Structure formats: C-alpha cells, structure tokens
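J.:
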Amino acid sequence: MDKKLLLTKSEIQLLKEYKFTESGEISAKVDKRQDAHKLFVNRLPILLEKLLGKKGVQINDYQIRSSVGEGRMAEVYWIAFLNKNYVPMNSVGNLTTQHGVYVVLLFDRELENAYLAIGNGAEFLSPNELKNMSKNQINMIKDKIVGDRVLVNSDFSLNLGKGSRPKRYGKGVSVYIKYRVDKINLIQLGNDFLTLESLLEYITLGPGLEEIEGELLTSTDLINKRRYTGIDVSKYERLRELRNKRNKEVGTMAEQFIYDLETERLAAYNLSLNFEIKWVGKKVDGLGYDVESFFPDGTRKYIEVKGTSKINTKFSFFFTNNELMKAKELGKQYVLAFVQVDKLSNQCELLEEIKDPYIFLSNNLKPNSYKGEYKAQRS
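With numbering that gives the first Met the number 0, letter number 228 in the sequence shown gets 227, and the count goes up by one each step, no holes.
And the structure:
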C-alpha cells in the first residue's frame, strides 16, 4: 500500500472547502459531483477495505460505509465498519448504522480530530438510553483494555460538534482512540481497528449474552434488557453460533499448544519412547481432562486446558462437574493449564499451570446452571 496516511493535507483542505462556506458556516447541501464528496464517500471505503484485507480481516463480513450527510451537509463526517454479525439490515438489504453496535471513525466538526470508536446506532434511542448502553458496554470491557491508547468515554464529553446529533453520537460511544486528522497513519489505524474489534467481539460474544444481561441489569430492566446490549434481537441466534464456533477453535488451538509443549518437555526429560503423550480431548469428550502426559519422574500427568483469545489478565472459563471431580480424584497428578490464543498470528502463550487445582477451583467457581427433577403426580 503506497499511501501512508488516510488523508493528505491537500485532501483535508479539499474536504474543508467542500464542507464550509467562505464565512465558515457549514454548507447547506451535499454535492455528489464534487471530488471531495467522491473522495470521502467512495474512495476511502475502498482504501480501508484493502487495508483490513491485508490485516487478515474477513472482509466479506463487513460493509464499510462513509457519510458526509444525506441531502444536508452533516456536522460530523463518519466511516462505519459494519459487521453483518452484529448489525441488522435495512429494508433494501444494506447494513444499517441506525441499530446495533460497530466500530466507527468519527470526524469532529472542524475536521481537526478523529475518533476510532465502538459506537451504537443512535437513531431511535434517547440520549439517556444511549448512555445506559455505553455504560454497560464499558463495564463489560474496562478490565480488558491494555495500555493507554484506548480511552474510556466515562464522562461522555466527546466533543464532536455543536448540534444535538454530534452530542448523541458522543453518548453512544463506549471507548475510542483519538487522532489528529492530518496524522492518521494507515498501518496504525489498521492495528487500532483490530484492537477495537477484539473489544467489540467481547461485548457481543465474550461472557455469553445471557450472562452479560444477568450481571449488568436489574430485575426491573429485564423487559427491555436486550436493547441495552446494543445487539439487534434478530442477531442473537447467529451470535450464539459464532460464539460456540470461536470457543471451539480457541480451545482446539490451546490443546494443540499444550500437546506440542508436553512433547518437547518429554524429549527434554530423556524419558523412553514408551512414555506416550495422548491428546485424548481430540477424540473423546467427557474424561475430565484433555491431555495425558508425564512429570519428569515418569508419574502420569492429566492436563485440563482452558484457552482464551482475550489479551488481558482476567478472563472467565467454564468447568464441568465431571472435570471438578476428576481434579479432586487425581490430586497432584491433575494440572489446570491456562493458555492465551492469538488467532491472528496463530500464536499461543502459556499463562499459568496450576497443579492439584481442586482447592483453587472450589474457591473460584460459581454456579452457572442447575439440574432439577420433577415427577408428575398422576391420579
């Protein structure tokens, strides 16, 4: 990609001349014939599509749309990255920015600053509803943010413009990354998009949709609870499918990593070839562990693997009663391995191994579901 910046200084000047009159007021109407209009609405989405494609993004899942206004010139220009899994379609078959949650690049009124943000469709929600939605999303991801590049919109004071619509946009933002418009480096923008998309994935797929709703909303909110997740109701079944598929892929990568790691360790222990490592979880489910290996002294080692694709120090995991009982039964021969999986780079990292984890698990598990029995009383 030859171009290093999203917008050159001459292109920014072209956009300003298009947006503002000589007196500094915003122009009354858009003009699709103008080169500035074609640059922002047509050429930039194509450029960004190529950029994200090179970053490994499944671009077929997205529609990248730009807007300078419909009929009337908008106070805030924006470029939305609409994922078909999170955003509903409108009546003509296009993904809509009016509903759902998505990554969006917002340009302030003066075209001086831009904000790559996780934003919510603001068309049919009140400012207070948008704030509630954004607050809930912040609660979901605030402990997942690494470093100081991603900022939390905690006070909802994002200054995009003077009118009511820019203020609504600001209230619908949960987190953002700020740029000077004349210094938006394309490589950095692509990396920042991946960071926000990872956080967005956690909002929609991470803890599980029902778990999110149960933790963040009180019983009086339950009637309207789904509108505060930012996810269109029609997307819920598809999101569950995606979550299950993603979790399976992450789990398989984590187990493969531990199997390979144990193979290397076995060679380093100089144990005989009779000591065979088995990836039992690949073929059989329900044993209570995933990999059979050996300690340096030749004692059998049973490893349960828990993987996460989230780059942070805290994540949720599920543990079956069978796994818990197996940990109690096997004691010091049972090992719980936590593995971080980076699907983009196809790399894994061992976070921690806990030997004899029964006490740790007993203190760190909470009920997720209950099984009951009922016998009908028939006369």
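Note that CB positions come from ideal geometry on N, CA and C, so glycine has one too.
None of the values given here were measured: they were computed from a predicted structure.
#1: Since Asn89 and Leu241 should fall inside the 8 Å C-beta cutoff, what is the C-beta to C-beta distance between them, to a whole number of angstroms?
#2: Going along the chain, which residues of its own chain have a beta-carbon closer than 7 Å to the beta-carbon of Gly169, five neighbours each way excluded?
#3: Which same chain residues end up closer than 8 Å to Val249 when comparing Cβ atoms and leaving out the 5 residues on each side of it in sequence?
#4: Pick helix, strand or coil for Leu81, following the three-state DSSP scheme.
#5: So the alpha helix (DSSP H) Tyr288 belongs to, where does it begin and stop?
#6: Classify Asp107 as buried or exposed, calling it buried when 16 or more other Cβ atoms lie within 10 Å of its own Cβ.
#7: Consult DSSP for Tyr258 and reduce its assignment to one of helix, strand or coil.
#8: Please tell me whether Asp355 and Lys325 are closer than 7 Å, where the distance is taken between their beta carbons.
#9: Using 8 Å as the cut-off, can you tell me whether the segment 18-37 makes contact with the segment 66-84, which would need three or more C-beta pairs spanning the two stretches below that distance?
#10: In whole angstroms, what is the alpha-carbon distance linking Glu10 and Arg32?
#11: Indicate whether the contact test is met: 3 or more Cβ pairs, each with one atom in the segment 174-190 and one in the segment 87-101, closer than 8 Å.
#12: Buried or exposed: Gln376, going by 16 or more other Cβ atoms within 10 Å of its Cβ?
#13: What separation, rounded to the nearest whole angstrom, lies between the Cα atoms of Glu48 and Thr7?
#14: If you count every other CB in all the chains shown that lies within 10 Å of the CB of Gly371, and 16 or more means buried, which is it?
#15: Assuming Arg167 and Ala121 are in contact, meaning their beta carbons sit under 8 Å apart, how far apart are those beta carbons, in whole angstroms?
#16: Exposed or buried, which one is Ser197 when buried takes at least 16 other CB atoms within 10 Å?
#17: Let's test the definition: count the other Cβ atoms within 10 Å of the Cβ of Ala267 and tell me whether it reaches 16, buried, or not, exposed.
#18: Can you tell me which of Ser361, Leu193, Ile140 puts its alpha carbon nearest to the alpha carbon of Asn82?
#19: Go ahead and pull the three-state DSSP assignment for Lys365.
#20: Just list the residues that DSSP pairs Ile117 with in beta bridges.
#21: Quick check: the Cα distance between Lys141 and Gly297, rounded to an integer number of angstroms?
T.: This is what the structure gives:
#1: Not really, about 22 Å apart at Cβ, beyond 8 Å.
#2: Phe155, Leu157, Leu159
#3: Gly306, Thr307, Ser308, Val340, Lys342
#4: strand
#5: Premise fails: Tyr288 is in no alpha helix (DSSP H) and is neither H nor E.
#6: buried
#7: helix
#8: no
#9: yes
#10: 16 Å
#11: no
#12: exposed
#13: 18 Å
#14: exposed
#15: 5 Å
#16: buried
#17: exposed
#18: Leu193
#19: coil
#20: Val102
#21: 44 Å
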